[in-house]
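The block underneath contains the structure these notes are about, expressed in structure tokens.
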Amino acid sequence: DTVAAHLCPALAKTLGSDISLPSKPCRMTAHLASKVYSLAGEEASALHAMVVLQIFQAKLLQSLEGSAVTPDTVNDLRVVTDFALKATKHTTQAAGRTMGFMVVQQRHLWLNLVDLRDPDRKVLLNAPITPSGLFGNAVESIVCGQNPLNFALIGSC
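Below, the structure written as structure tokens:
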């Protein structure tokens, strides 16, 4: 019943009971998953907008073939290009936030699976997530160890 109520909140209201997740870690995981879900929806929506704008842009460009370019057509192309760039920016930002929440969710899951005392767990949960820690020296050392040609790509091996 608990899972069904979370998947279909309208059903939970008709059951007439307060249904909650069994533990604090489960509630935290559900919260993070809902954030990722909504951000993925934003990404899909922005990508759909980009497709619509690019189709409109392609039709405008087709209409220009063999005809004189009018200022209105150029203005329409500028507006569509501007909207497409804004949608690309929004999609990129949503993808970055999604990845950030996924990193936090994975760390949260790992900390709940490992047998740690609460004070130790709090120290790890409060540690900042930095891009250099995720994509820094460890990645460079792996790349450098794979192929001598990667020296030119990384420049620091």
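Counting with our numbering, you get residues 54 to 210 for the letters of the sequence shown.
Note that the Cβ used here is the ideal one computed from N, Cα and C, for glycine as well.
Leucine 130 carries a helical assignment under DSSP once its states are collapsed to helix, strand and coil. Contact check for glutamine 158 against threonine 82 passes: the beta carbons are separated by less than 8 Å. Take the alpha-carbon of glycine 149 and the one of threonine 141: they are about 12 Å apart. Per the Cβ contact rule, the stretch 169–180 is not in contact with the stretch 113–127 (fewer than 3 Cβ pairs under 8 Å).
Selection Phe136, His161, Pro181 evaluated against leucine 106 yields Phe136 as nearest (Cα-Cα).
For serine 91, the secondary structure class from DSSP, reduced to helix, strand or coil, is helix.
In this structure valine 167 is exposed. Its beta-carbon is surrounded by fewer than 16 other beta-carbon atoms within 10 angstroms.
Closest in alpha carbon position to alanine 93, among His143, Ala121, Leu130, is His143. Counted as a single uninterrupted DSSP element, the alpha helix (DSSP H) harbouring leucine 178 occupies residues 171–179. Take leucine 178, set aside five residues on each side of it, and the residues of its chain with a beta-carbon closer than 7 Å to its own are Leu164, in chain order. In the three-state reduction of the DSSP assignment, proline 75 falls in the coil class. For leucine 100, the closest alpha carbon among the candidates Leu162, Val176, Leu138, His84 is that of Leu138.
One Cα belongs to alanine 97, the other to alanine 86, and the distance between them is close to 16 Å. Straight-line spacing of the CA atoms in alanine 121 and glutamate 95 works out to 39 Å.
Rounded to whole angstroms, the Cβ separation of phenylalanine 109 and valine 133 is 6 Å, and the two are in contact under 8 Å.
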